[in-house]
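Notes follow the structure.
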Amino acid sequence: MDKTELYGRLLLDTELTMELRRSLIDRAQPAVVQQGNYIECQRCLSKTRKEQAMLPNGTYYCPQCILLGRVSSTNQLYHLNEPNLFSKLTQTPLSWQGQLSPFQQNCSKKLIKALDRPGKYLMWAVTGAGKTEMLFPMLTKALLQKKRICLASPRVDVCNELYPRIVAAFRKITPVLLHGHSKQSYQYSQLTICTTHQLLRFQHAFDLLIIDEVDAFPFVNSQMLKKAAKRAMKISGTLVYLTATPTKNMLVRIKQNKLPVSYLPIRFHRKLLPVPQVWLLNHWQNKLARKKFPVKLTNCLRKWSKDALPFLVFVPNIELLKPVLQVLRSVLPKNVLGDSVYSADPQRITKVQAMRDHQLNYLVTTTILERGVTFPSLNVMILGADERTFSVSALVQIAGRVGRSQKRPYGDVIFICQDYVKNVKDAVQQIKDLNKKGDKLLNE
Amino acid sequence: MNKCLMCGREIKIKLTLKWLLSMQHLKDPVICQNCMESFSKIELRSICPGCGRRQKERRLCQDCQRWLKMGEENLLKNRAMFVYDVVMKEYMQRYKFSGDYQWRLIFQEQFTNFIKQNSQQNYLYVAIPVDQQTFNTRGFNQVEGLLQNIELSELLEFQTKQGHVKQSTKTRKARMETGQPFKYKGARKLDGENIILLDDIYTTGRTLYHAKHILEAQGAGSIYSFTLAR
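Shown next, in the form of structure tokens:
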């Protein structure tokens, strides 16, 4: 381990080699600070009541960021300033050969401008707009300017999907991929791709920080991760949020002109978003308890599988996975194969891959597949779309899984509800509004 | 509303008639019912009477038969609450090895009740100790963390002050060949006192039998044990 691994980082003494620790001993900072009845963890900046943080040996620990290794009052933190020691590029590092559509180019130009001024910026583009490609010109410019860049996302799947695309698009750069299950070890790199949790290990490192799917769990309601993102950036850095479904808070700040935004309401293939059909079937849960589906529902699923189209069935909680899968298996022909998947599923990655490889025809899933996944020619159904687990953005994202390919830019989105609740109304309205804007753009 | 320590979801509390009639305070659970049910509870009716392992018939398992062959006269009659499966391993990983002391609260109350309900009176409770080095870095003894208001007798300590190779890092064979790690810490010899040993996990039984031998040599009476997992 050499000191380049500490540039722009904030690491615990236990994460350093003995040698490096010794050479930097005068730079050590306490990892936990006491403030009255609270302790403040200096890595994640969370405060915890002393009675919850106290250990029997008289020390304190931070329960908030323990997934990255425990911080306690016996630890120290180490940091070295970011020197941007990257080799100068003489030509463009972009090896991507593709073309952006005029709409994408327009958005992309605005992003390039954002690079020159510090602060926050939002790119709001509908699901399937081709957000990643729109970033390429901005990334190219930042790389040429020797800027240090991070692409972060709350979702590990998104990071895993992003990494090979970035590697393929920028062959001259060696990006580093960091998350809890990543086998790569850390190395100093101009381009980091990581989960938002990993940002806790950085301090004033990035000139450009891009957060993809910024409205997703766990980033969206975590003060800890928001603070971490802020601290991971240089004071003069640029922070770019990417999403198809901005939070209420963001929408308000856009209206107040506090958050500059570029906006793309049309998909890369220039077709409008599929509008969900809302089916009010108030007896679906009773039927399910008797191991059945309403007839209308069964017919729809049978039709999908007869057309040999893959589909996803979303359920509001883990407990429903098993019974729904059971009924599906009983009402569909034997050669139509499916499985269930949830966040802590040990076989999660294999199952999703089997779906991609057409070994499975369908998956019954919780909201974990609401975003960051693309299956061509997909249909989706949400059972209990009126349940609280499905936020407006979750509903819009799920609908956005459909019609993403050029070959089949349409598909069925069906919301099964007992009540026509506000979230469902709002989601359908949001999609219709986006389509209106998209339609206008197409006819300009 | 409280959030589940394990899955982070909000905990919904069902108010039952039984609770209403019990006139007790409403206790805030620290994990949700779903997460609690992901642990496999051991029914005491069908276990190995020697070590408390879950099995179909109530007869001595091979491990316990081996202890008898090795010259053990009285088995520990260990009783465990949960199966040491993947879910429990993950729990131990977080609580003990990551050192998330808050996670003791997940089992503290029910493990304490389990011990009290299943043990007779006039027993001394002895928790398996951790060595000094582990205590310093971990900050707590994981067995004591799982107990609430149980008066413990400090009769055991580690022979050496330095760290030892942890049982959890060894293979089964290496565990069984581990030498006596403990020594007696009591002020005086024992005079036939009955003892209940408490530990977090019963894997091979090696640690608990080592502890038993030390106490027997000091004149203890009958010795049983309780663990959270088997």
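The listed protein sequences correspond, in order, to chains Z and R.
Sequential numbering of the first sequence, starting at 1, is according to the working numbering.
Sequential numbering of the second sequence, starting at 1001, is according to the working numbering.
All residues carry an ideal CB built from backbone N, CA and C; glycine is no exception.
Quick caveat, the model's predicted, so the values are computed rather than measured.
Residue pairing for ALA1220(R): DSSP places it in no beta bridge. Taking every protein chain shown into account, the CB of TYR60(Z) has 16 or more other CB atoms within 10 angstroms, so this residue is buried.
If only uninterrupted beta strand (DSSP E) runs of at least 3 residues are considered, those enclosed by the region 88-131 of chain Z are 119-125. Of the candidates ARG270(Z), SER189(Z), HIS204(Z), GLN353(Z), GLN353(Z) places its Cα closest to the Cα of ASN160(Z).
Going by DSSP, VAL428(Z) is part of no beta strand (DSSP E) but of the alpha helix (DSSP H) stretching over 422-443. If only complete runs of 3 or more residues are kept, the region 332-407 of chain Z shows the beta strand (DSSP E) at 338-341, 362-365, 379-383, in order along the chain. Leaving aside the five residues that flank LEU20(Z) on each side, the residues in its chain whose CB is nearer than 6 angstroms to its CB run, in chain order, MET1.
Note that the C-beta distance between GLU82(Z) and ALA205(Z) is below 8 angstroms. The Cβ of PHE1082(R) sits no closer than 8 angstroms to any Cβ of chain Z. In the structure shown, GLY1186(R) adopts coil according to DSSP, grouped into three states. Interface flag for PRO154(Z) against chain R is unset, since no Cβ pair is found closer than 8 angstroms.
Taking 8 angstroms as the upper bound for CB-CB distance, VAL327(Z) and LYS296(Z) are not in contact here, some 14 angstroms apart.
Within its own chain, the residues whose Cβ lies closer than 7 angstroms to the Cβ of LYS1189(R), once the five positions on either side in sequence are excluded, are GLN1218, GLY1219, listed in chain order. MET381(Z) and VAL156(Z) have their C-alpha atoms spaced approximately 24 angstroms apart. From the beta-carbon of ASN1136(R), the residues of chain Z found nearer than 7 angstroms are ASN57.
At a cut-off of 8 angstroms between C-beta atoms, SER1040(R) does not count as an interface residue with respect to chain Z. If you check each beta-carbon in the region 71-91 of chain Z against every beta-carbon of chain R, the ones closer than 9 angstroms belong to SER72, THR74. Look at GLN52(Z): its C-beta is under 8 angstroms from a C-beta on chain R. LEU242(Z) and ASP212(Z) have their alpha carbons spaced roughly 5 angstroms apart. For the region 1075-1101 of chain R, the set of residues with a beta-carbon nearer than 7 angstroms to any beta-carbon of chain Z comprises SER1098, GLY1099, ASP1100, TYR1101, in chain order.
In terms of beta-carbon proximity, ILE39(Z) stays away from the interface with chain R, with every pair separated by 8 angstroms or more. If you check the CB distance, VAL421(Z) and PRO276(Z) do not come in under 8 angstroms. For ASP1199(R), the enclosing beta strand (DSSP E) starts and ends at 1194-1201. The region 61-72 of chain Z makes contact with the region 7-21 of chain Z; the number of CB pairs closer than 8 angstroms reaches 3 or more. Nearest to SER23(Z) by C-alpha distance, out of PHE293(Z), GLN34(Z), LYS3(Z), is LYS3(Z). Distance from the CA atom of ARG201(Z) to the CA atom of ARG43(Z), rounded to whole angstroms, is 7 angstroms. In terms of Cα proximity to GLU319(Z), the closest of CYS300(Z), LEU337(Z), SER343(Z) is SER343(Z). Apart from sequence neighbours up to five positions away, the residues of its chain that approach LYS1212(R) with a beta-carbon distance below 6 angstroms are ILE1223, ordered along the chain. Rounded to the nearest angstrom, the Cβ distance from LEU208(Z) to LEU144(Z) is 12 angstroms, too far for a contact under 8 angstroms. Of the other Cβ atoms in all chains shown, fewer than 16 fall within 10 Å of the Cβ of ALA168(Z); this residue is therefore exposed. Distance from the CA of SER262(Z) to the CA of ASP433(Z), rounded to the nearest whole angstrom, comes to 17 angstroms. With a cutoff of 8 angstroms on beta-carbon distance, MET1088(R) and ALA1229(R) are scored as near each other. Along the region 8-40 of chain Z, the alpha helix (DSSP H) occurs as fully enclosed runs of 4 or more residues at 18-23, listed in sequence order.
ALA1187(R) counts as exposed, since fewer than 16 other C-beta atoms from the protein chains shown sit within 10 angstroms of its C-beta.
Nearest CB-CB separation between ILE66(Z) and chain R: below the 8 angstroms threshold.
For THR195(Z), the enclosing beta strand (DSSP E) has its first and last residue at 191-195.
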